[in-house]
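J.: Below: one structure in structure tokens.
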Amino acid sequence: MTSLAIPSTFDVAALRADFPILGREVNGHPLVYLDSANTSQKPRQVLDVMRTHHERHNGNVSRSVHTLGTEATLAYEGAREKVAAFINAPAASEVVFGKNSTEAINLLAYAFSNASATADSDPRFRLGPGDEVVISEMEHHSNIVPWQLLCERTGATLRWFRVTDDGRLDESELDDLVNERTKLVSIVHMSNILGTINDPARIVARAHEVGALVLLDGSQSVPHFPVDVQALGVDFIAFTGHKMLGPTGIGVLWGRAGLLDAMPPVLGGGSMIETVTMEKSTFAPAPARFEAGTPPIVEAVGLGAAIDYLNDIGMAAVQAHEHEITAYALEALATVPTLRIFGPTTPEGRGGTISFALEGIHPHDVGQVLDDEGVEVRVGHHCARPVCVRYGVPATTRASFYVYTTTEEVDALVRGLDRVRKVFG
Ligand SMILES: Cc1ncc(COP(=O)(O)O)c(C=O)c1O
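For the sequence shown, the UniProt record's numbering gives the first residue as 1, with consecutive numbering after it.
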């Protein structure tokens, strides 16, 4: 999945000039931004498109026949087309915009919930006692809590894949975990805490064999390497714009044709209906059915611009660059005494998100000293607390990379860690 064969083909120094924030200082030091798994920085091209949209084309979508409304609708629907092409979805109508990955996953969970409360709903979405939902121990809370809540509401049972000592998904119990009772399997594509990239092929095959649907949490994969939903064979994918050079406030749920239209609506309101009487309403087909109210218009347009930017670089080149940085960082971090990495320690089958601990030093202290040096990392449980529990630590320090990350920044991290050890060692 992570190919060593493709060389990094873009000029990182030139690309960095597109990101105004990378020119600033933090605590008297040049900013070293190593928190892109949390949120990415935004290039000028995205900021400009959003500003121009507000200055020139602002109107509400899908409601106005006037010129501005038409321009806004074209821009919004154009962004949908870009998203669909980016993940190789067969049709733009399979792309539902929402606020973020969390909302996308909750949308699906509530569609299951609503279907479960209705007798004539599509049985693929109907859950009750005896049915099962399967996740994994390496999920972000966004892909745990909605399913816990759904199971509480419906009486279904939540089960999960375990994680191996070296941070891989343990598929040894696949046939037991995914069985005739399973209605949905929801798995992360790349872990935001371990960096592990999961190949969902076996899980998809088994889930479809037993008639279950598969959601892939692509929050950390879609931004970082080519993702082709048709090749993956999944039924749904969720991802979030702010981690892929786009703005906050925009996320995507893609669903295979036919599935979205078989799902009951979740939020009711304007734009999602076919017709309304005082007694009853009927609903528009997807994606409008799931986009009640005025959507995040300029945010979608910004996401479209981010996709243009990533396409200009080429996702294979993005992947190759991050692979190089990750390999470099894994080697560099291995030289830091007492440092323990959580997750794969070689670059194969992992992405550019590395969690670690320094023996005897609390991650919050690590983060504080690094910030004093201008090095921005994330500390905590990274909204993946079960992983911390699995490895017996309260928290970790996490460095994460993107298109603009340089080896010099990795060196600054290692220097910062030496300082941490001097201060607390
Ligand atoms: C794997 C994964 N899933 C879901 C999310 C949730 O993303 P958002 O906060 O944009 O909804 C994140 C964010 O860190 C993530 O890394």
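No residue lacks a Cβ here, since even glycine has one placed at the ideal position from N, Cα and C.
Along the chain, where does the beta strand (DSSP E) that runs through Lys42 open and close?
T.: Taken as a continuous stretch (DSSP letters only), Lys42 belongs to no beta strand (DSSP E), as it is neither H nor E.
J.: Take Val210 and list the residues in its own chain whose beta-carbon comes closer than 7 Å to its own, dropping the five residues that flank it on each side.
T.: Contacts found: Val178, Asn179, Glu180, Thr182.
J.: Please classify Arg80: is it buried, with 16 or more other beta-carbons within 10 angstroms of its beta-carbon, or exposed?
T.: The residue in question, Arg80, is buried, as its Cβ has 16 or more Cβ neighbours within 10 Å.
J.: Check each candidate in Asn198, Gly69, His224, Gly293 and name the one with the smallest Cα separation from Asn311.
T.: It is His224.
J.: Should the stretch 65-72 be regarded as contacting the stretch 217-231, the criterion being three or more beta carbon pairs within less than 8 Å?
T.: Output reads no: the stretch 217-231 does not touch the stretch 65-72.
J.: Output the distance between the C-alpha atoms of Pro20 and Lys99, rounded to the nearest integer angstrom.
T.: Rounded to the nearest angstrom, the two C-alpha atoms are 25 Å apart.
J.: Anyone know if the C-beta pair for Pro264 and Met272 falls short of 8 Å?
T.: No. Outside cutoff.
J.: Distance check for Val252 and His29, CA to CA, integer angstroms please.
T.: Rounded to the nearest angstrom, the two C-alpha atoms are 36 Å apart.
J.: Give a yes or no on whether the C-beta atoms belonging to Leu150 and Ala109 are separated by under 8 Å.
T.: In contact: Leu150 and Ala109 (Cβ atoms closer than 8 Å).
J.: Three-state secondary structure (DSSP) at Met190?
T.: Met190: strand per DSSP, three-state reduction.
J.: To the nearest angstrom, how far is the alpha carbon of Gly293 from that of Ala334?
T.: If I take the Cα positions, the gap works out to 51 Å.
J.: With a threshold of 16 other CB atoms inside 10 Å of the CB of Thr397, please say whether the residue is buried or exposed.
T.: Label assigned to Thr397: buried.
J.: What do you get for Met190, buried or exposed, if any count of 16 or more other CB atoms within 10 angstroms of its CB means buried?
T.: Per the 10 Å Cβ criterion, buried.
J.: Report the rounded CA-to-CA distance for Glu152 versus Gly246, giving the unit in angstroms.
T.: Rounded to the nearest angstrom, the two C-alpha atoms are 35 Å apart.
J.: Beta carbon of Gln148: closer than 7 Å to some heavy atom of ligand 1?
T.: False, no ligand heavy atom lies under 7 Å from that Cβ.
J.: At what residues does the beta strand (DSSP E) containing Gly251 begin and finish?
T.: Run containing Gly251: 251-255, per the beta strand (DSSP E) assignment.
J.: Tell me, to the nearest whole angstrom, how far the beta carbon of Leu215 is from that of Ala238; I am working on the premise that it is less than 8 Å.
T.: Indeed, because the Cβ distance is near 7 Å, the residues count as touching under 8 Å.
J.: Which residue comes first and which comes last in the alpha helix (DSSP H) that contains Asp217?
T.: No alpha helix (DSSP H) contains Asp217, which is instead part of the beta strand (DSSP E) from 213-217.
J.: May I ask you to check if the CB of Thr277 is nearer than 7 Å to at least one heavy atom of ligand 1?
T.: No, the Cβ of Thr277 stays beyond 7 Å of every heavy atom of ligand 1.
J.: Whose C-alpha, out of Thr277, Glu291, Leu370, Gly241, is nearest the C-alpha of Asp261?
T.: When only C-alpha atoms are compared, the closest one is Glu291.
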